[in-house]
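**Q** Which chain is which? The protein sequence lines are X, A, E and F, in order.
All residue numbers for the first sequence refer to my numbering, where the first residue is 3 and numbers rise by one.
All residue numbers for the second sequence refer to my numbering, where the first residue is 3 and numbers rise by one.
All residue numbers for the third sequence refer to my numbering, where the first residue is 3 and numbers rise by one.
All residue numbers for the fourth sequence refer to my numbering, where the first residue is 3 and numbers rise by one.
Following this message is one structure expressed as structure tokens.
4 protein chains.
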Amino acid sequence: VTADCKRNLPRVAVVGATGYAGAELVRILAGHPKVQLACLTSRQHVGVDFADIYPAMKNVVAHKCLAYDPEILADKADIVFIALPHKLPMQFVPQLLAKGLKVIDLSADFRFRNVEAYVQAYQQHTCPDLLQEAVYGLSEIYADRIGKARLVGNPGCYPTSILLPLIPVVRKGWVDLQTLVADSKSGVSGAGATATPTTHYCRVNESFKAYKVAAHRHQPEITEVLVREAGCEVKLTFVPHLIPMTRGMESTIYADLTEPVDEQQVIECLRETYGSDGFVRICGNRPPDTLDVRGTIYCDIGVVVDDRNNKLILMSAIDNLVKGAAGQAVQNMNLMLGLEPPAGLENPPFPV
Amino acid sequence: VTADCKRNLPRVAVVGATGYAGAELVRILAGHPKVQLACLTSRQHVGVDFADIYPAMKNVVAHKCLAYDPEILADKADIVFIALPHKLPMQFVPQLLAKGLKVIDLSADFRFRNVEAYVQAYQQHTCPDLLQEAVYGLSEIYADRIGKARLVGNPGCYPTSILLPLIPVVRKGWVDLQTLVADSKSGVSGAGATATPTTHYCRVNESFKAYKVAAHRHQPEITEVLVREAGCEVKLTFVPHLIPMTRGMESTIYADLTEPVDEQQVIECLRETYGSDGFVRICGNRPPDTLDVRGTIYCDIGVVVDDRNNKLILMSAIDNLVKGAAGQAVQNMNLMLGLEPPAGLENPPFPV
Amino acid sequence: VTADCKRNLPRVAVVGATGYAGAELVRILAGHPKVQLACLTSRQHVGVDFADIYPAMKNVVAHKCLAYDPEILADKADIVFIALPHKLPMQFVPQLLAKGLKVIDLSADFRFRNVEAYVQAYQQHTCPDLLQEAVYGLSEIYADRIGKARLVGNPGCYPTSILLPLIPVVRKGWVDLQTLVADSKSGVSGAGATATPTTHYCRVNESFKAYKVAAHRHQPEITEVLVREAGCEVKLTFVPHLIPMTRGMESTIYADLTEPVDEQQVIECLRETYGSDGFVRICGNRPPDTLDVRGTIYCDIGVVVDDRNNKLILMSAIDNLVKGAAGQAVQNMNLMLGLEPPAGLENPPFPV
Amino acid sequence: VTADCKRNLPRVAVVGATGYAGAELVRILAGHPKVQLACLTSRQHVGVDFADIYPAMKNVVAHKCLAYDPEILADKADIVFIALPHKLPMQFVPQLLAKGLKVIDLSADFRFRNVEAYVQAYQQHTCPDLLQEAVYGLSEIYADRIGKARLVGNPGCYPTSILLPLIPVVRKGWVDLQTLVADSKSGVSGAGATATPTTHYCRVNESFKAYKVAAHRHQPEITEVLVREAGCEVKLTFVPHLIPMTRGMESTIYADLTEPVDEQQVIECLRETYGSDGFVRICGNRPPDTLDVRGTIYCDIGVVVDDRNNKLILMSAIDNLVKGAAGQAVQNMNLMLGLEPPAGLENPPFPV
């Protein structure tokens with residue numbers, strides 16, 4: 003698709019394009035047939051060619067990184083992705099909305115409806131009223147509301163991987179919400195592009211460990227959604243771990259069954275919710291593998307019931323940068339712009 | 003230590019020396035100052051230099067692989083390690099014992115006391131009477147009995163990583179044994195040295211997935227020990243996963259607390275059980291990291307209490323080939339021969 | 003692109019679809035907007051869903067694997083890719099051509115023009131006459147002839163990575179062809195999908211070594227092309243190495259300069275040959291990185307002149323499965339079918 | 003070996019103990035039976051427990067990091083290892099020698115005899131007179147002089163991996179010193195412990211690339227030694243590359259033969275130089291593998307002669323942190339203190 007053919011397509015901007023979520027947005031949008039990539043901003047690399055930061059993008063993305071400027075964004079774009087650390091988006095979003103732009107924010111700033119929960123997990127919120135308007139961008143679950151939104155709070159990677167398998171069975175009332183355990187594992191790209199001791203190759207390679215045990219800020223995000231879905235209190239113990247790999251996230255979720263449901267019923271329930279040709283692929287009782295979703299928008303889900311112990315075990319695999327961040331953001335953009343759901347997200351997965 | 007100085011030391015044999023557990027035994031025993039490596043056997047590589055199978059061992063191990071022959075073993079060795087797939091050891095052990103040899107078996111064949119549990123998980127047992135005599139080789143927990151044993155059933159890697167953190171709190175009665183979840187993760191060496199689609203580099207690299215979900219044969223092994231320790235029924239849901247790395251095993255264990263115990267009390271309980279200078283290192287509430295135990299006999303344990311949910315979270319990290327197999331077997335040998343516990347197991351860990 | 007819209011597009015078949023090169027062809031062709039994937043064959047997996055072999059392809063590729071049958075291929079396809087081990091293609095190609103099919107063979111069987119060279123490196127050739135007709139599918143260099151071919155011998159991965167940087171400077175006469183050294187490194191997918199001790203994760207991880215030193219069969223393939231280009235004898239010492247990664251190939255090539263040429267002149271020469279918007283990206287004196295070409299058709303080339311020693315150093319990076327195999331095969335198909343060169347090959351690269 | 007038994011052993015200090023070379027020194031010295039680890043210094047972590055920086059060392063190393071203080075070093079130690087960036091050691095060494103300490107410096111500061119070469123590659127030298135006294139610590143080659151030295155300049159990792167295979171054939175006069183090419187590859191630990199974009203896991207994983215092409219500062223170090231050995235000018239083109247692994251270095255070295263020498267003669271020549279039971283293991287024409295030397299002091303060397311092209315190909319594999327840095331430094335210490343050569347360096351290698 004040449005620049006020329008794209009002249010009349012919706013124009014999109016990426017704010018914070020040089021972090022991993024931002025760069026992944028650039029990748030997906032550069033190959034998207036139904037929008038044009040209008041401009042990129044970066045705090046650290048103003049004036050630098052994007053392809054100098056990510057040499058993979060030589061000959062693919064010709065943009066220079068701009069400084070953040072709402073006037074320029076309003077002039078050049080119809081819809082804006084914000085891929086900045088939380089706290090910055092809440093400063094920028096009101097003015098962007100005021101200029102008539104649609105906004106998809108990938109930080110935590112617009113994921114919560116309950117401002118106290120946000121404040122407790124993060125910090126003060128400077129535009130709490132927008133929390134009521136913002137739509138939680140879990141694409142398959144809230145597609146209708148996302149389609150009508152002008153502001154979407156794009157879900158966290160862990161919440162996406164945990165909520166997609168859980169919500170259908172929670173809606174059925176099949177699981178005891180006082181017994182939830184989510185043991186999740188993430189590739190290193192989830193820690194962001196900044197070089198830190200945690201992301202040093204020699205500290206990650208051949209290393210596996212938990213972190214922020216029962217103290218990760220995605221826990222209240224997940225809980226808020228589940229409480230809304232279930233209409234009752236929820237006890238979720240959530241432990242994230244770091245895997246020595248670049249991309250990929252697996253969650254294994256444990257819950258006591260409230261009634262004698264078997265594997266097949268759960269599988270059917272998930273298939274009914276997600277259909278047979280969408281981005282959520284139900285794998286039966288086969289455990290999903292991060293390798294099979296690498297670089298894709300897919301969320302693969304497997305189901306096992308441990309009959310001896312009356313435990314339902316749900317397993318999901320996503321690419322934390324795609325379904326867990328940039329890909330789902332583009333999926334939400336497609337909904338907001340009325341495009342075909344798979345537009346720009348159809349690259350077949352790699353066999354290895 | 004030259005061969006000469008070793009002339010009067012106890013003589014050890016490794017049966018099945020070319021699998022990963024066997025080769026790791028060879029590594030440890032080759033550097034052990036208080037025993038002499040007497041002979042090695044291999045089914046596949048009879049007559050071949052061990053160092054041709056593992057070129058790392060050139061100039062270190064001069065042995066050729068022999069065929070299995072109980073006469074030769076009785077003639078050359080005082081104590082025999084068996085590192086063969088289950089079912090073979092039960093055929094060999096009676097004759098080795100009859101010849102006066104001590105035996106440490108790394109398979110599942112002598113880990114169970116309850117023959118029905120073994121039969122259900124594995125297959126028929128041809129010498130069930132020996133199950134009553136065999137001692138379960140969880141070194142720190144059963145040191146006294148191991149010291150007097152002539153036959154030790156060396157624990158599985160997952161059971162070691164789960165039982166060491168759990169047993170002290172189970173003995174205290176602090177956890178509800180109906181609510182146990184163990185989410186474990188293993189490096190690929192646990193799958194053995196045989197080339198299979200599962201161990202192909204391109205299928206493992208950048209892959210993370212569960213396997214044998216709630217159906218792994220280490221589950222009944224763990225349960226049998228816990229039932230014995232607790233004196234009551236136990237419900238444990240156990241899900242193993244494969245990590246893209248060679249060595250290392252992490253278990254994150256979840257249990258409801260039966261009384262208001264805090265993190266510090268659990269940490270103290272573990273410190274009391276394991277002491278401050280042994281091979282089980284209590285890390286407080288810091289999650290243990292497989293990188294820190296790589297190539298070592300250590301089991302690192304971390305503790306977090308999720309107060310909101312009344313959940314105790316125990317995390318352990320071991321090297322699956324060392325503390326999870328060959329290293330613990332040598333630790334048991336030291337007990338059986340009355341050697342210093344750390345003999346041959348003291349190589350300092352690698353910083354990276 | 004739905005199956006329906008594709009009804010009138012050229013129909014392609016992949017013979018040997020379940021090896022890595024075959025599966026990569028399936029990936030690329032499944033996303034190709036201008037052809038339809040007509041059928042797949044597999045020797046090992048007849049009757050099995052392709053997506054059961056590569057679960058990544060669930061919901062993407064619905065084909066079952068067929069047995070090889072030239073009648074069916076002639077009936078269903080217009081052009082056939084063969085991704086089988088050498089020796090099989092030479093048995094199949096004559097009949098496929100006779101039935102009017104175009105053929106792109108990814109084995110070595112049709113890469114040589116000199117049958118003696120083939121026989122020496124591989125074995126007897128059963129249709130040597132076809133060697134004169136077959137076109138060597140180095141896309142950028144032989145585009146015109148490829149466009150008119152009915153049979154293309156798709157280049158090896160190492161030859162592609164070495165010839166693309168070398169041919170332009172060889173044509174200029176700038177390098178002493180008696181002094182060539184190519185030190186190449188390949189990811190493990192180059193060893194194929196079969197599980198062998200060589201591809202066992204634990205033998206590859208943290209391992210780097212040379213193999214087939216000055217004895218690899220790609221050496222005569224490279225030499226034949228260079229001799230043809232240069233019109234004189236060529237001495238090339240070629241040493242391949244194995245890198246612990248799935249995809250990627252780097253070649254560092256050393257040659258004495260025959261005249262005082264500087265870095266900039268070499269860079270310009272390469273830019274003239276390959277243009278500024280094709281798939282060969284000239285990186286100046288920046289060393290190319292396999293990460294930047296992963297999953298893409300790009301060949302990145304860097305140039306350094308070691309003035310002290312009068313040495314030209316050329317470095318290239320490709321994805322061995324894409325530009326080194328399946329991607330270049332599709333590039334050749336596009337030429338043979340008169341499609342736009344980038345059709346089906348435009349997925350933007352991943353930032354990480 | 004308990005602290006008590008070590009009371010009368012030589013006392014060693016490590017200056018710069020928290021970088022990777024320093025930490026590796028601590029690892030080796032902590033397990034060394036014939037010296038006692040007296041004190042550690044660190045610029046960044048004064049007052050911090052070493053085991054808090056490297057949790058692997060919990061229960062193994064009880065030292066706190068001290069500030070650098072020559073008085074304390076002279077009081078506590080007999081021999082000092084310096085593992086600091088170049089430029090700092092030249093400031094410290096004169097005062098340490100003046101206090102009667104022996105010094106092994108792991109930086110480049112005392113590797114050169116020719117001060118101009120040092121100045122050109124690094125910077126001004128503040129104690130050039132010491133360059134004449136300092137002994138280049140290539141242990142196998144200069145053992146006699148090292149044994150009598152009070153100051154050793156420990157070789158760089160690349161020079162070690164290139165000089166050990168080359169020197170014996172250079173001494174024989176078998177290779178044309180105008181034709182040397184060394185294509186080397188290093189694991190990431192060679193880049194040090196500091197977190198930088200270059201060492202970020204996601205930039206290293208699945209990445210392979212050259213760096214400092216024909217411009218690395220180890221090139222003049224190698225050349226100076228070769229010139230000294232050969233007594234004539236040397237042209238060496240040296241290109242280092244980064245491998246996605248933690249430890250390990252492979253060098254493939256190409257040279258024209260000056261006379262018709264065959265593989266076996268070169269192999270014999272190397273065996274004569276290095277013996278059959280030392281740390282340099284001659285592998286015949288089998289390419290050495292970094293996996294086989296991981297964590298060990300071994301240098302494995304393989305030899306192939308490419309007859310067609312009259313090229314000698316030498317390949318070496320070392321662990322860059324052991325034989326390439328800390329291990330060779332301890333080997334030198336053993337020589338300087340008159341200890342058995344393998345003392346503290348005998349841990350058997352890991353099979354995987």
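Every residue gets a Cβ at the ideal spot worked out from N, C-alpha and C, and that includes glycine.
Keep in mind that this is a model prediction, so the values were computed, not measured.
If distances are taken between C-alpha atoms only, which option among X/R230, X/V305, X/D178 comes closest to A/Y213?
**A** When only C-alpha atoms are compared, the closest one is X/V305.
**Q** At a cut of 8 Å, does the stretch 259–267 of chain E reach the stretch 307–323 of chain E through at least three beta carbon pairs?
**A** Yes, the stretch 259–267 of chain E is in contact with the stretch 307–323 of chain E.
**Q** With a cut-off of 9 Å, does the C-beta of F/P199 fall near any C-beta of chain X?
**A** Chain X contact via Cβ: present.
**Q** Quick one: what does DSSP say F/V3 is sitting in, helix, strand or coil?
**A** For F/V3, the predicted model reports a pLDDT of 46, less than 50, meaning its position is unreliable; a value from the coordinates is still stated below. DSSP places F/V3 in coil when its eight states are reduced to three.
**Q** Closest Cβ-Cβ distance between A/Y300 and chain E: below 9 Å?
**A** Not an interface residue.
**Q** Taking contact to mean 3 or more Cβ pairs, one atom from each stretch, closer than 8 Å, check whether the stretch 261–271 of chain A and the stretch 236–253 of chain A are in contact.
**A** With a cut-off of 8 Å, the stretch 236–253 of chain A and the stretch 261–271 of chain A do not count as touching, because too few Cβ pairs lie within range.
**Q** Do the CB positions of X/L337 and X/S163 come within less than 9 Å of each other?
**A** Against a cut-off of 9 Å, the Cβ pair of X/S163 and X/L337 comes out as no contact.
**Q** By Cβ distance, which residues of its chain are closer than 8 Å to F/K211, with the 5 residues on each side in sequence left out?
**A** Same-chain partners within the cutoff: H243, L244.
**Q** Using a cut-off of 7 Å between C-beta atoms, extract the partners of E/V206 located in chain A.
**A** Near E/V206 (Cβ distances below 7 Å), the residues of chain A are Y203.
**Q** Grouping DSSP H, G and I as helix and E and B as strand, with all else coil, what is A/C129?
**A** Residue state, collapsed to three classes: coil.
**Q** For X/Q93, which beta-bridge partners are listed by DSSP?
**A** Answer by DSSP bridge pairing: none, since X/Q93 is not bridged.
**Q** Would you mind stating whether E/V215 and E/T225 have Cβ atoms separated by less than 9 Å?
**A** Not in contact: E/V215 and E/T225 (Cβ atoms no closer than 9 Å).
**Q** At a CB distance below 8 Å, what residues from the stretch 242–254 of chain A approach chain X? Give them in sequence order.
**A** Listed in sequence order: H243, I245, P246, M247, T248, R249, G250, E252, T254.
**Q** Taking the alpha-carbon positions, what's the X/K248 to E/V282 distance?
**A** The amino acid at residue 248 of chain X is misidentified as Lys; the sequence shows Thr. Each residue's Cα considered, the two are about 26 Å apart.
**Q** Identify which residue in E/D111, E/A217, E/R173 has its Cα closest to the Cα of E/L272.
**A** Answer by Cα proximity: E/R173.
**Q** Is X/V3 close to chain F? Criterion is C-beta to C-beta, closer than 9 Å.
**A** Residue placement at X/V3 is poorly supported in this model, since its pLDDT is 46, which falls under 50; the coordinates are not used for a value here.
**Q** Using a Cβ-Cβ cut-off of less than 7 Å, give me the residues of the stretch 217–228 of chain A that come near chain X, in sequence order.
**A** Residues: none.
**Q** Strictly under 9 Å for the Cβ-Cβ distance: is F/V117 near chain E by that measure?
**A** No, no contact with chain E.
**Q** Can you pull the chain A residues whose beta carbon is under 9 Å from the beta carbon of F/M59, in chain order?
**A** By Cβ distance, chain A contributes D294, P350, P351, P353.
**Q** Grab the span of the alpha helix (DSSP H) containing F/H243 for me, first residue to last.
**A** That residue, F/H243, is in no alpha helix (DSSP H); its beta strand (DSSP E) goes 238–244.
**Q** Provide the residue(s) that pair with E/Q38 in DSSP beta bridges, ordered along the chain.
**A** DSSP output for E/Q38 lists E/R13 as bridge partner(s).
**Q** Grouping DSSP H, G and I as helix and E and B as strand, with all else coil, what is A/R230?
**A** Residue state, collapsed to three classes: helix.
**Q** Verify the CB distance criterion: does X/S209 have a CB-CB separation below 9 Å to chain E?
**A** No - not a single Cβ of chain E is within 9 Å of the one on X/S209.
**Q** Span of the alpha helix (DSSP H) holding E/L299?
**A** A small fix is needed here, since residue 299 of chain E is Ile in this sequence, not Leu. No alpha helix (DSSP H) contains E/I299, which DSSP labels as neither H nor E.
**Q** Answer with yes or no whether the minimum CB distance from F/V48 to chain X is below 9 Å.
**A** No, F/V48 does not count as interfacial toward chain X.
**Q** So, with DSSP's three-state summary, where would you put F/E135?
**A** Here F/E135 sits in helix by DSSP.
**Q** Count the other CB atoms within 10 Å of the CB of A/G21; is the residue buried (16 or more) or exposed (fewer)?
**A** Looking at its Cβ environment, which holds 16 or more other Cβ atoms inside 10 Å, A/G21 is buried.
**Q** Of the choices X/A119, X/I55, X/C41, whose alpha-carbon is the least far from that of X/H47?
**A** Of the candidates X/A119, X/I55, X/C41, the one whose C-alpha sits nearest the C-alpha of X/H47 is X/I55.
**Q** By Cβ distance, which residues of its chain are closer than 8 Å to F/E342, with the 5 residues on each side in sequence left out?
**A** Hits under 8 Å: K36, N336.
**Q** Assess, as a yes-or-no matter, whether the stretch 181–195 of chain A is touched by the stretch 66–83 of chain A under the definition of 3 or more beta carbon pairs within less than 8 Å.
**A** No: fewer than three Cβ pairs fall under 8 Å.
**Q** Among X/S109, X/S44, X/I74, which residue has its Cα nearest to the Cα of X/G102?
**A** Minimum Cα distance to X/G102 is reached at X/I74.
**Q** Check F/C285 in the structure and name its three-state DSSP category.
**A** Looking at F/C285 - three-state DSSP - the assignment turns out to be coil, as it is neither helix nor strand.
**Q** Tell me where the beta strand (DSSP E) around X/D52 begins and ends.
**A** Correcting the residue identity first, residue 52 of chain X is Phe in this sequence and not Asp. It is not in any beta strand (DSSP E) - X/F52 instead sits in the alpha helix (DSSP H) that spans 52–55.
**Q** Ignore the nearest five residues each way along the sequence and tell me which others in A/D308's own chain have a CB closer than 7 Å to its CB.
**A** If we look at A/D308 and ignore the five residues flanking it on each side, its Cβ neighbours are I315.
**Q** Under the three-state reduction of DSSP, which class applies to F/I224: helix, strand or coil?
**A** Three-state DSSP puts F/I224 in a helix.
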